[in-house]
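Numbering (the UniProt record's numbering), first residue to last: 1 to 179. So the structure is just underneath, and the comments pick up after that.
Printed below as a string of structure tokens:
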């Protein structure tokens, strides 16, 4: 409740300092939605499945049901790539180069379009609020595999190339959980 009150006060202060296109009612509704979203509880497997749906253009790779439209997926992945890692987003984009989203619980999930999603969880956070081990995992992963957005420009490198995985039930999900 204190966090909510502080967020609302900061929102009101920023809107009074500079005109904003929303009213106090909109601010309250938006903050309520934000706090509801922050309260969603998911396992690492569920996060990987959500990311896998984004990687698959909005279609769930397990059920083949359309979940998100492709324009929404494009917009979400663009936002994840540009600001999904809080203040570390620029460095993340440079070093890792895939759309990702971190949460203050210690989760990070990265999306490799048309290939896969990886979700990792480790609760120790750095000063920015990202999982220390999660960031390190993705840095090491990207050094080994050709998934950085600009790896295709490299004439030669020693990274392994993986295209699209063949769906083998929950085996791939298990492998990514173990990684």
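Backbone N, C-alpha and C fix where the C-beta goes; we use that ideal spot for every residue, glycine too.
Taking a contact to require three or more Cβ pairs closer than 8 Å, the segment 76 to 88 and the segment 123 to 133 qualify as touching.
Within 10 angstroms of the beta-carbon of residue 53 lie 16 or more other beta-carbons, which makes it buried. Beyond the five residues adjoining it in sequence on each side, residue 136 comes within less than 6 Å, by CB distance, of no other residue in the same chain. In the three-state DSSP reduction, residue 47 falls in the helix class (H, G or I). Annotation note: the segment 59 to 102 contains the following uninterrupted alpha helix (DSSP H) runs of length 4 or greater, listed N- to C-terminal: 70 to 83, 89 to 95. Inter-residue distance for residue 38 and residue 104 is about 9 Å (C-alpha atoms, whole angstroms). If you draw a straight line from the Cα of residue 77 to the Cα of residue 100, it is about 8 Å long. Between the alpha carbons of residue 150 and residue 97 lies a distance of about 7 Å. With fewer than 16 other CB atoms across the displayed protein chains lying within 10 angstroms of its CB, residue 90 is exposed.
In this structure, DSSP gives residue 135 a helical state, which the three-state scheme calls helix. Nearest to residue 108 by alpha-carbon distance, out of 94, 117, 134, 147, is 134. Membership of residue 116 in the beta strand (DSSP E) is indicated by the continuous run 116 to 121. Residue pairing from DSSP places residue 145 in a beta bridge opposite 160.
Straight across, the Cα-Cα distance linking residue 132 with residue 40 is about 22 Å. Looking at the DSSP output, residue 110 shares a beta bridge with 100, 118.
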